[in-house]
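Residue 129 in this note's numbering sits at position 115 of the sequence shown; the count goes up by one each step and never skips. Every residue, glycine too, gets a C-beta built ideally from N, C-alpha and C. Predicted, not measured: the structure shown is a model, and the values here were computed from it. A short write-up of the structure that comes next.
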Amino acid sequence: MTEKPTIAVLISGSGSNLQAIIDASERGEIPCRVGVVISNKADAYGLVRAQKHGITTKVLDHKAFATREEFDANLVEIIRGSGAELVCLAGFMRVLTPVFVHAFPNRILNIHPALLPSFPGTHGPRQALSYGVRFSGCTVHFLDEGVDTGPIIVQAVVPVYDDDTEDTLAARILVQEHRIYPMAIRLFFSGKLAIDGRRVKVPGEPRIPEFFHRNPDA
Ligand code: GRF
Numbered sequence: 015m016t017e018k019p020t021i022a023v024l025i026s027g028s029g030s031n032l033q034a035i036i037d038a039s040e041r042g043e044i045p046c047r048v049g050v051v052i053s054n055k056a057d058a059y060g061l062v063r064a065q066k067h068g069i070t071t072k073v074l075d076h077k078a079f080a081t082r083e084e085f086d087a088n089l090v091e092i093i094r095g096s097g098a099e100l101v102c103l104a105g106f107m108r109v110l111t112p113v114f115v116h117a118f119p120n121r122i123l124n125i126h127p128a129l130l131p132s133f134p135g136t137h138g139p140r141q142a143l144s145y146g147v148r149f150s151g152c153t154v155h156f157l158d159e160g161v162d163t164g165p166i167i168v169q170a171v172v173p174v175y176d177d178d179t180e181d182t183l184a185a186r187i188l189v190q191e192h193r194i195y196p197m198a199i200r201l202f203f204s205g206k207l208a209i210d211g212r213r214v215k216v217p218g219e220p221r222i223p224e225f226f227h228r229n230p231d232a
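Next comes the structure, spelled out in structure tokens:
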């Protein structure tokens, strides 16, 4: 039997998206396994999650490097050494430089808790609430050199209620993140994702738009 391809997952915190990816892998819903989990924070709970599943973990403290580029070059080295075919940013709270982005062209995914291009940056749910939108959601996209600007692969929509707080909205969005991140990884490994400028096309996947009507929270 041939070995499954591996992915590298980068985290900074709780790692609930990482958990969703590990679970999807163990259930055979995505055709890959998590080969290495890298955190820039030694106390990230996601590291414990990974270890519980026997996954190799590494901590690379960004504060130990003089520049972002040096940090990124070290990250690249670890990931290349792991043989990972895809890099998944899952709550990784560092902006990555072109050194990193160009090392893995079209092979880095990110998840963001808003419907991009609305509300990029660190506080997606807070910005959605204060703007007053009626719907928000989450986005999995390819990483490019900007912050949350790369070509979009999958989005899911959630309603915003009058009595929402930042926490209740973030929690509703997170449920959908856990659903669409494995979905995007599955699409990546299907080999069918075609990037056409800003648009990511999925020939032979007519069911993708249907996804928007299946959101149990909507
Ligand atoms: C998620 O909402 C992710 O989109 C954001 O940070 C959060 C990380 O959650 N960038 P977790 O660490 O996966 O639980």
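> Which one of 191, 195, 130, 70 has the shortest CA to CA distance from residue 212?
Replying inline: The sequence position of residue 212 within the sequence shown is 198, counting from 1. Per the Cα distances, 130.
>> Could you tell me the alpha carbon to alpha carbon distance between residue 127 and residue 26, rounded to whole angstroms?
In response: Translated into the one-based positions of the sequence shown, residue 127 becomes position 113. Translated into the one-based positions of the sequence shown, residue 26 becomes position 12. Each residue's alpha carbon lies about 15 Å from the other.
> What residues are listed by DSSP as bridge partners for residue 155?
Replying inline: Taking the first residue of the sequence shown as position 1, residue 155 is located at position 141. As computed with DSSP, residue 155 is found in a beta bridge with 124, 166.
>> Tell me which residue opens and which closes the beta strand (DSSP E) that residue 100 is part of.
In response: Start at 1 with the first residue of the sequence shown, and residue 100 comes out as number 86. First-last of the beta strand (DSSP E) with residue 100: 100 to 103.
> What first and last residue would you give for the alpha helix (DSSP H) that runs through residue 142?
Replying inline: The count along the sequence shown starts at 1 and reaches residue 142 at position 128. 138 to 145 is the extent of the alpha helix (DSSP H) around residue 142.
>> On the criterion of 16 or more Cβ atoms from any shown chain inside 10 Å, does residue 62 qualify as buried, or is it exposed?
In response: Looking up residue 62 in the sequence shown gives position 48. Residue 62 is exposed by the Cβ-count criterion.
> When the Cα atoms are used, what is the spatial distance from residue 92 to residue 177?
Replying inline: By 1-based counting over the sequence shown, the position of residue 92 is 78. By 1-based counting over the sequence shown, the position of residue 177 is 163. About 44 Å.
> Roughly how many angstroms separate the alpha carbons of residue 125 and residue 55, rounded to a whole number?
Replying inline: Residue 125 sits at position 111 when you count from the first residue of the sequence shown. Residue 55 sits at position 41 when you count from the first residue of the sequence shown. Spanning the alpha carbons of residue 125 and residue 55 requires a straight line of approximately 19 Å.
> Applying the criterion that 16 or more other CB atoms from any shown protein chain within 10 Å of the CB defines a buried residue, is residue 39 buried or exposed?
Replying inline: Along the sequence shown, one-based indexing puts residue 39 at 25. That one is buried.
>> Taking its Cβ as the centre, do 16 or more other Cβ atoms sit within 10 Å of residue 49, making it buried, or is it exposed?
In response: Counted from its first residue, the sequence shown places residue 49 at position 35. Its Cβ being crowded by 16 or more others within 10 Å, residue 49 is buried.
> Count the other CB atoms within 10 Å of the CB of residue 215; is the residue buried (16 or more) or exposed (fewer)?
Replying inline: Residue numbering aside, residue 215 sits at position 201 when the sequence shown is read from its first letter. That one is exposed.
> What are the boundary residues of the alpha helix (DSSP H) that residue 95 is part of?
Replying inline: As a first step, residue 95 is located in the sequence shown; it is residue number 81 there, counting from the start. In the DSSP annotation of this structure, the continuous segment of the alpha helix (DSSP H) that includes residue 95 starts and ends at 82 to 96.
>> Is it buried or exposed, residue 185, if we count other Cβ atoms within 10 angstroms and call 16 or more buried?
In response: As a working mapping, residue 185 is identified with position 171 in the sequence shown. So residue 185 counts as exposed.
> Which of helix, strand or coil does DSSP assign to residue 20?
Replying inline: In the sequence shown, residue 20 corresponds to position 6, counting from 1. Three-state DSSP puts residue 20 in a strand.
> Hey, how far is the Cα of residue 60 from the Cα of residue 31?
Replying inline: Mapped onto the sequence shown, residue 60 falls at position 46. Mapped onto the sequence shown, residue 31 falls at position 17. Rounded to whole angstroms, residue 60 and residue 31 show a C-alpha spacing of 9 Å.
> Is the stretch 150 to 157 close to the stretch 167 to 174, with three or more CB pairs under 8 Å?
Replying inline: Segments in contact, yes.
> Going along the chain, which residues of its own chain have a beta-carbon closer than 8 Å to the beta-carbon of residue 41, five neighbours each way excluded?
Replying inline: In the sequence shown, residue 41 corresponds to position 27, counting from 1. Nothing listed; no residue qualifies.
>> Please tell me whether residue 83 and residue 113 are closer than 8 Å, where the distance is taken between their beta carbons.
In response: Within the sequence shown, residue 83 is the residue found at index 69, counting from 1. Within the sequence shown, residue 113 is the residue found at index 99, counting from 1. In this structure, residue 113 lies closer than 8 Å to residue 83 by Cβ.
>> Tell me whether residue 22, by its Cβ, gets closer than 7 Å to a heavy atom of ligand 1.
In response: As a first step, residue 22 is located in the sequence shown; it is residue number 8 there, counting from the start. If you check the C-beta of residue 22 against ligand 1, you find no heavy atom less than 7 Å away.
>> Alpha carbons only, please: which of 136, 71, 189 is nearest the one belonging to residue 105?
In response: Counting from 1 along the sequence shown, the entry for residue 105 is found at position 91. Considering only alpha carbons, the answer is 136.
>> Quick check on DSSP: helix, strand or coil for residue 181?
In response: Stepping through the sequence shown from its first residue, residue 181 is reached at position 167. In the three-state reduction of the DSSP assignment, residue 181 falls in the helix class.
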